[in-house]
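Numbered according to my numbering, the sequence shown spans residues 25 to 201.
Don't be surprised by glycine CBs; every beta carbon is placed ideally from N, CA and C.
In what follows, a single structure is set out as structure tokens and then discussed.
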Amino acid sequence: MEKLIERYAKIPRRQRFVLVGLIVVGLVAGYWYFYHADDAKKVEALDEQYKTLENERAEKQAYVDNLAKYEARLNELQQDLNAARAQLPDSADEGQFLAQLGNRGRQSGLLIEKFEPKGETPRDFVSEIAFGMAVRGSYHEIGTFIDALSKLDRIVNVTGISMDNPKTENQKVVVTG
């Protein structure tokens, strides 16, 4: 060790400062290369991850901020769905529908002479159930009956109407349809 110190002492002062400076620079460069560069890469990766998570958090916060609007829209859509289900019920409910037809016919002043189910025809997502009817009443009463059918909660198509045998009864023209 003494030999090393003697050799160091023989080196001119300016060269000693340069040697010490090079050693310090080498140590700093080694620290930078082996420790700090890896840490810098880790910090950069964590910074990217932070930005990604912050963007996701901001998006989710926007959903939370508008949650009341989304819930109101959901309720509105649920009501629309329930209204559509009322028009297109899951089952035929022929008995209930027949009762509604009878009530509407009596309220309109018609006499329902015949009611004949004609079968079920499957369609895309519903089934069409056909009925044949024979009624007696005035033209106005038949029109009132058809108007009452249009106001039912279900979809009702009226087709193939014919009015025959006009007769005068109680000062009104009665037809069979």
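Any non-hydrogen atom of the ligand MN closer than 6 Å to residue i Cβ
i	result
Ser151	You won't find the ligand MN in this model; it holds no ligand whatsoever.
For residue i, the first and last residue of its enclosing alpha helix (DSSP H)
i	result
Lys34	26–34
Asp171	163–174
Leu122	118–132
Val197	Looking at the DSSP string, Val197 is not in any alpha helix (DSSP H); the run it does join, the beta strand (DSSP E), is 196–200.
Ile47	37–55
Limits of the beta strand (DSSP E) - the one that residue i falls within
i	result
Lys75	First-last for Lys75: 61–89, but that is the alpha helix (DSSP H), not the beta strand (DSSP E).
Ile136	135–146
Thr192	188–193
7 Å Cβ cutoff met for residue i and residue j
i	j	result
Lys138	Ala154	no
Val182	Ile170	yes
Ser151	Glu140	no
Lys142	Gly156	yes
Top-ranked residue by Cα proximity to residue i, from the options
i	options	result
Leu266	Ala107, Ala53, Glu152	Outside the shown range of the chain, which is 25 to 201, sits residue 266, and nothing can be said about it.
Met187	Val52, Gly167, Pro146	Gly167
Tyr178	Val49, Arg109, Gln85	For the sequence presented, residue 178 should be read as Arg rather than Tyr. The residue with the shortest Cα to Cα distance from Arg178 is Arg109.
Touch test, the region 74–94 against the region 125–144, Cβ-Cβ under 8 Å, three pairs minimum | no
Are the region 117–129 and the region 95–108 in contact at 8 Å, needing three or more beta carbon pairs?
-> no
Three or more beta-carbon pairs under 8 Å between the region 189–198 and the region 162–170, yes or no?
-> yes
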